[in-house]
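Colleague: Residue numbers (this note's numbering): 791 to 1002. Would you mind keeping the following structure in view while I ask a few things?
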């Protein structure tokens, strides 16, 4: 059992009101809100980097106060926080990684507004926490499964963009890798144009959709 789970277990054996009192909140309602928020997070990492701040504690200081209340080993806590930093660094490596669904799209009569609204359909966001601390080959196996599932679910078509030809994976090393519709990594000598639909109003480019 990790520290996060241990604290949650300890909390379950004590009234929340008592814990809030020991957390020294002036407002019980605010304290209960923060405590319930802490309990909702599945991992310590997600809590620490949640950006939580309630005008008394940040996510880290809230966690450290709970450690103090339950008299846990501070050395173990330091190790857990160091692990969170390692996870964050790994996740940062993948912030620019995604899969582009290549259909060799060429615009003809499609309205730019419609293309802009549907821009996100051409990209797949990655389950980054499943990729971290894995070798390239392990990551490529996960990408292969994502590609296979997407092609099956979409029946090989993504609406206005057309029929899927292959998938272009942008890896954490800055390189791109091509996967065919069967999930196999292949050589692709042709440069794939990942042009983006943009909508300009009053001289300003507006963001088109969000990756999903």
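Virtual Cβ for every residue (Gly too), placed ideally from N, Cα, C.
Which two residues bound the contiguous beta strand (DSSP E) that contains residue 960?
Modeller: Looking up residue 960 in the chain shown gives position 170. Looking at the DSSP string, the run of the beta strand (DSSP E) that includes residue 960 is 956-960.
Colleague: How far does the alpha helix (DSSP H) with residue 853 in it reach, from first residue to last?
Modeller: On the chain shown, residue 853 is found 63 positions in, with the first residue counted as 1. It spans 849-859 - the alpha helix (DSSP H) in which residue 853 sits, taken as one unbroken run.
Colleague: Measuring CB to CB, does residue 916 end up less than 8 Å from residue 957?
Modeller: Reading the chain shown from its first residue, position 126 is the one you call residue 916. Reading the chain shown from its first residue, position 167 is the one you call residue 957. No, they are not a contact pair.
Colleague: Identify the continuous alpha helix (DSSP H) that holds residue 892 and give its terminal residues.
Modeller: Within the chain shown, residue 892 is the residue found at index 102, counting from 1. That residue, residue 892, is in no alpha helix (DSSP H); its beta strand (DSSP E) goes 888-892.
Colleague: List the residues that DSSP assigns as beta-bridge partners of residue 967.
Modeller: Position 177 of the chain shown, counted from the start, is the residue given in the question as residue 967. For residue 967, which the question treats as bridged, DSSP gives the partners 959.
Colleague: Which of the three DSSP states, helix, strand or coil, is assigned to residue 976?
Modeller: The residue given as residue 976 occupies position 186 in the chain shown. Three-state DSSP puts residue 976 in a strand.
Colleague: Report buried or exposed for residue 830, applying the criterion of at least 16 other Cβ atoms within 10 angstroms of its Cβ.
Modeller: Counted from its first residue, the chain shown places residue 830 at position 40. Under this definition residue 830 is an exposed residue.
Colleague: Residues bridged to residue 913 by DSSP?
Modeller: Within the chain shown, numbered from 1, the residue matching residue 913 stands at position 123. According to DSSP, residue 913 bridges with 890.
Colleague: Looking only at its chain, what residues have a beta carbon closer than 7 Å to the beta carbon of residue 820, apart from the 5 residues adjacent to it on each side?
Modeller: Walking along the chain shown from the start, residue 820 turns up at place 30. Excluding positions up to five away in sequence, the list reads 844.
Colleague: Given a threshold of 16 other Cβ atoms within 10 Å of its Cβ, counted over all protein chains shown, does residue 874 qualify as buried or as exposed?
Modeller: Locating residue 874 in the chain shown gives position 84, where the first residue counts as 1. Answer is buried; the Cβ neighbour count reaches 16.
Colleague: Please confirm if the stretch 861-872 is in contact with the stretch 946-957, defined as three or more CB-CB distances below 8 Å between the two stretches.
Modeller: The answer is no - the stretch 946-957 does not touch the stretch 861-872, with fewer than three Cβ pairs under 8 Å.
Colleague: Which same chain residues, not among the five before or five after residue 846, have their C-beta less than 7 Å away from its C-beta?
Modeller: Start at 1 with the first residue of the chain shown, and residue 846 comes out as number 56. For residue 846, where only same-chain residues beyond five positions count, the Cβ hits under 7 Å are 815.
Colleague: Taking one C-beta from the stretch 937-946 and one from the stretch 848-856 each time, how about it: are there three or more such pairs within less than 8 Å?
Modeller: The stretch 937-946 is not in contact with the stretch 848-856.
Colleague: In terms of residue numbering, what span does the alpha helix (DSSP H) encompassing residue 821 cover?
Modeller: Residue numbering aside, residue 821 sits at position 31 when the chain shown is read from its first letter. Per DSSP, residue 821 belongs to the alpha helix (DSSP H) from 818-830.
Colleague: Starting from residue 868 and walking both ways along the alpha helix (DSSP H), at which residues does that stretch end?
Modeller: Within the chain shown, numbered from 1, the residue matching residue 868 stands at position 78. Unbroken alpha helix (DSSP H) run through residue 868: 864-883.
Colleague: Under 8 Å, do residue 833 and residue 842 count as touching if we go by C-beta distance?
Modeller: Within the chain shown, numbered from 1, the residue matching residue 833 stands at position 43. Within the chain shown, numbered from 1, the residue matching residue 842 stands at position 52. Not in contact: residue 833 and residue 842 (Cβ atoms no closer than 8 Å).
Colleague: Given a cut-off of 8 Å, decide if residue 822 and residue 810 are closer than it, judged by their beta-carbon atoms.
Modeller: For the purposes of this step, residue 810 is identified with residue 20 of the chain shown, where counting begins at 1. For the purposes of this step, residue 822 is identified with residue 32 of the chain shown, where counting begins at 1. Yes, these two residues count as a Cβ contact at 8 Å.
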